[in-house]
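Undergrad: Numbering (this note's numbering), first residue to last: 1 to 389. Virtual Cβ for every residue (Gly too), placed ideally from N, Cα, C. Got a structure here, written out as structure tokens. Questions coming.
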Ligand SMILES: *Cc1c(COP(=O)(O)O)cnc(C)c1O
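Below you can see the structure in the form of structure tokens.
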């Protein structure tokens with residue numbers, strides 16, 4: 001990979017490797033002690049009560065929706081500027097999905113747009129049961145406003161914080177679930193900390209945690225109190241009482257996650273250093289830098305710039321290709337979900353969320369990861385200068 005700079009990548013230390021090796025030599029590769037230790041570590045970090053580790057954030061979103069009893073007659077709203085998993089989780093439950101346009105500064109779900117759409121939905125008698133905000137790039141949504149709307153209209157909230165572990169909102173850790181029912185994290189290698197693949201659902205509600213634990217493991221319980229009445233000779237060590245899945249995280253993954261947690265704050269501060277340096281170096285390029293709200297301490301999972309296309313005599317696509325041709329593997333986060341062919345089949349069309357589409361027409365995520373060197377950062381900016389000027 002010499003010369004090629006990805007948009008994101010993991011940071012694995014010798015200590016991380018050693019903890020994984022230790023698990024490989026231990027009695028449990030899965031369903032052992034590392035999973036609850038990792039869960040406790042993340043819950044404590046977030047000042048939350050319960051954590052349920054699973055094999056991806058996608059799985060966490062699915063069981064979060066099921067725990068909140070999303071089903072075929074329900075409506076779920078999310079933002080169009082996100083990874084498809086934020087919306088797909090509702091479709092897994094056979095619910096209907098709709099999208100709220102974004103805020104022009106943070107690119108997160110716009111609260112004025114949400115308020116307006118709730119008013120219309122109330123009149124039409126089709127209010128959402130769950131709203132899924134996404135903390136894009138690691139910058140928190142306006143959770144206080146969202147929570148207030150949830151109280152007024154009676155919807156539940158799942159925070160898709162796949163980008164955002166280590167970030168803060170109003171000085172408190174994202175994931176504390178003060179303004180939501182459940183928060184979901186992703187541990188894919190491009191995210192803030194990694195377990196290879198992995199995710200976690202955080203909640204302060206013991207009932208929701210218990211439901212999600214059941215759903216993660218086939219809907220099977222070994223807790224006698226939860227078992228259905230049977231003659232004593234027919235009660236064995238387990239019963240299936242729900243339809244669940246095998247969404248378990250392995251101990252190999254959890255040990256890696258636990259080890260990564262020790263460096264989470266270091267990862268975030270390195271990302272802030274890189275962001276600050278980009279902010280300075282990009283000053284004289286025809287791009288808009290990511291804006292930060294005063295309530296937010298971002299985890300800086302991503303650093304998306306918006307091209308000032310009126311000042312550049314090239315298309316968005318040309319600039320993107322010319323940067324990539326120089327070995328800088330920039331990316332686009334995201335194509336509005338409803339413009340994906342699968343969603344267009346449901347009747348969504350171009351023009352549905354104009355602010356999201358404006359963002360999509362100009363955005364490029366440039367490389368951002370904690371092991372990135374200043375030389376690499378210089379190369380990124382040089383490549384951008386060549387492509388955009
Ligand atoms: C990465 C991501 C997911 C899915 O995470 P996995 O762990 O890969 O399933 C969901 N939502 C958002 C916003 C993401 O960025």
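Quick one: residues in its chain with C-beta nearer than 7 Å to the C-beta of residue 383, no 5 flanking neighbours on either side, listed in chain order?
TA: Same-chain partners within the cutoff: 323, 326 and 328.
Undergrad: Report the partner residues of residue 173 according to the DSSP bridge assignment.
TA: Answer is 168.
Undergrad: I'd like the list of long-range same chain contacts for residue 92, defined as Cβ closer than 6 Å, with 5 residues on each side in sequence excluded.
TA: Excluding sequence neighbours, residue 92 sits near 62.
Undergrad: Label residue 111 either buried or exposed according to how many other C-beta atoms from any shown protein chain fall within 10 Å of its C-beta, with 16 as the threshold for buried.
TA: Residue 111 comes out buried.
Undergrad: When DSSP builds the beta bridges, which residues end up paired with residue 311?
TA: According to DSSP, residue 311 bridges with nothing at all.
Undergrad: Note the first and the last residue of the continuous beta strand (DSSP E) segment covering residue 345.
TA: Per DSSP, residue 345 belongs to no beta strand (DSSP E) and is neither H nor E.
Undergrad: Is the closest heavy atom of ligand 1 to the C-beta of residue 155 under 8 Å?
TA: Not so, every heavy atom of ligand 1 lies at least 8 Å from the Cβ.
Undergrad: Which first and last residues belong to the alpha helix (DSSP H) in which residue 150 is found?
TA: Per DSSP, residue 150 belongs to the alpha helix (DSSP H) from 143-153.
Undergrad: Does DSSP put residue 137 in a helix, in a strand, or in coil?
TA: Residue state, collapsed to three classes: helix.
Undergrad: Under 8 Å: do the region 240-256 and the region 196-208 share three or more Cβ pairs, one atom per stretch?
TA: The region 240-256 is in contact with the region 196-208.
Undergrad: From the DSSP output, in three-state form, read off residue 159 for me.
TA: It is a strand residue.
Undergrad: Specify, as a first and last residue, the run of the beta strand (DSSP E) that residue 53 falls within.
TA: Its beta strand (DSSP E) spans residues 50-54.
Undergrad: Who are residue 304's beta bridge partners in DSSP?
TA: For residue 304, which the question treats as bridged, DSSP gives the partners 365.
Undergrad: Would you tell me roughly how many angstroms separate the C-alpha atoms of residue 47 and residue 321, rounded to the nearest one?
TA: Approximately 43 Å between the Cα atoms of the pair.
Undergrad: Residue 351 to residue 357, Cα distance in whole Å?
TA: C-alpha separation (whole angstroms): 7 Å.
Undergrad: Return helix, strand or coil for residue 390, following the three-state DSSP convention.
TA: Because the chain here runs from 1 to 389, residue 390 falls outside it and cannot be looked at.
Undergrad: Could you pull the DSSP bridge partners for residue 328 from this structure?
TA: 5.
Undergrad: Out of 139, 180, 100 and 156, state which residue places its alpha-carbon closest to the alpha-carbon of residue 166.
TA: That would be 139, whose Cα lies nearest to the Cα of residue 166.
Undergrad: Can you tell which of 69, 90 and 39 has its C-alpha closest to the C-alpha of residue 78?
TA: Comparing Cα positions, the closest option is 90.
Undergrad: Rounded to the nearest angstrom, how far is the Cβ of residue 102 from that of residue 133, given a contact under 8 Å?
TA: Incorrect: roughly 11 Å between the Cβ atoms, too far for contact.
Undergrad: Which residues share a DSSP beta bridge with residue 379?
TA: None, per the DSSP bridge assignment.
Undergrad: Inspect the CB distances between the region 25-40 and the region 204-214 and report whether three or more fall short of 8 Å.
TA: Short answer: they don't touch.
Undergrad: Could you give the residue range of the alpha helix (DSSP H) that holds residue 70?
TA: Segment: none, residue 70 is in no alpha helix (DSSP H) and carries neither H nor E.
Undergrad: Answer with yes or no whether the minimum CB distance from residue 197 to chain B is below 9 Å.
TA: In the structure shown, chain B cannot be found, because there is only a single protein chain.
Undergrad: In the DSSP assignment, find the unbroken beta strand (DSSP E) run with residue 199 in it and report its ends.
TA: Taken as a continuous stretch (DSSP letters only), the beta strand (DSSP E) holding residue 199 covers 199-203.
Undergrad: For residue 246, does the count of other Cβ atoms within 10 angstroms reach 16, so buried, or fall short, so exposed?
TA: So residue 246 ends up on the exposed side.
Undergrad: Hey, could you find the ends of the alpha helix (DSSP H) residue 35 is sitting in?
TA: Looking at the DSSP string, the run of the alpha helix (DSSP H) that includes residue 35 is 34-46.
Undergrad: Using the rule of at least 16 other Cβ atoms within 10 Å of the residue's Cβ for burial, across every protein chain shown, is residue 119 buried or exposed?
TA: Under this definition residue 119 is an exposed residue.
Undergrad: List the endpoints of the continuous alpha helix (DSSP H) containing residue 267.
TA: That run of the alpha helix (DSSP H) goes 264-281.
Undergrad: State yes or no: is the C-beta of residue 298 within less than 9 Å of the C-beta of residue 65?
TA: No.
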